[in-house]
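I have placed the structure first, in the form of structure tokens, so that the comments after it can refer back to it.
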Amino acid sequence: MHKQDLDKISDSLLTFLFLVKNNVFSENEFIKNFPKPPKEVEDYMNEFPMPPSHTKVILYLHKSNSSPISQIASNLGISKSNMTPIIDKLIEYGLVNRYPDSKDRRILRVVLTTKALDIFEKFRNAAKDKLANKIKVLEDDDLYTLSDCVSKLYDIMQKIEKK
Numbered sequence: 001m002h003k004q005d006l007d008k009i010s011d012s013l014l015t016f017l018f019l020v021k022n023n024v025f026s027e028n029e030f031i032k033n034f035p036k037p038p039k040e041v042e043d044y045m046n047e048f049p050m051p052p053s054h055t056k057v058i059l060y061l062h063k064s065n066s067s068p069i070s071q072i073a074s075n076l077g078i079s080k081s082n083m084t085p086i087i088d089k090l091i092e093y094g095l096v097n098r099y100p101d102s103k104d105r106r107i108l109r110v111v112l113t114t115k116a117l118d119i120f121e122k123f124r125n126a127a128k129d130k131l132a133n134k135i136k137v138l139e140d141d142d143l144y145t146l147s148d149c150v151s152k153l154y155d156i157m158q159k160i161e162k163k
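Take the sequence shown: its letters are residues 1 to 163, numbered as in the UniProt record's numbering.
Next comes the structure, spelled out in structure tokens:
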């Protein structure tokens, strides 16, 4: 494809992402109106507040399942020396487990616990409910079109991610 066409597509995609961010996922509105988490999750979060670096590790592990500590550090731009206390704290919170790699015992891998997956799923469901409430104002035809477009966009973005 010609550079001019690629520029037009990337410009449209960027505009689309800003539109989604500002109209659908406006951070202030989303956080302000975000459904209150279930009591046990709220109690847990109050007992174990997490800095953004810890949250980034959890989100990374949710996507990658299990990963060597050095790979997490590299992909998140966190120094290896800072990873040890982050992982130690997440282990203390009961959110991750650390174990030696089966092929190379020198490599330590980290995986989310069932507890972390449960908490993540509760927040994900709350976010989906909030988003469903936001788009329910659309006509059925628009919702079907949106569903089709999101599905196609998802498939295309998956191809980009794999490269």
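C-beta: ideal position from N, C-alpha, C; glycine also. Just so we're clear, the structure is a prediction, and the values are computed from it rather than from any experiment.
Cross-strand partners of residue i (DSSP beta bridge)
i	result
residue 66	111
Endpoints, alpha helix (DSSP H) assigned at residue i
i	result
residue 100	First-last for residue 100: 96-100, but that is the beta strand (DSSP E), not the alpha helix (DSSP H).
residue 7	3-19
residue 104	Here residue 104 belongs to no alpha helix (DSSP H), and DSSP marks it neither H nor E.
Where residue i sits in the DSSP three-state scheme
i	result
residue 131	helix
residue 151	helix
residue 50	coil
residue 137	coil
residue 56	helix
residue 86	helix
residue 93	coil
residue 79	coil
Neighbourhood of residue i by C-beta, 7 Å cutoff - its chain only, sequence neighbours within 5 removed
i	result
residue 73	79, 80, 83
Proximal residues to residue i (C-beta, below 6 Å), its chain only, five neighbours per side dropped
i	result
residue 101	107, 109
Close Cβ partners of residue i (< 8 Å) along its chain, the five nearest in sequence each way excluded
i	result
residue 117	62
residue 115	94, 95
Neighbour flag for residue i against chain D, beta carbons, 8 Å
i	result
residue 147	Judged by its chain identifiers, the structure shown contains no chain D, having just a single protein chain.
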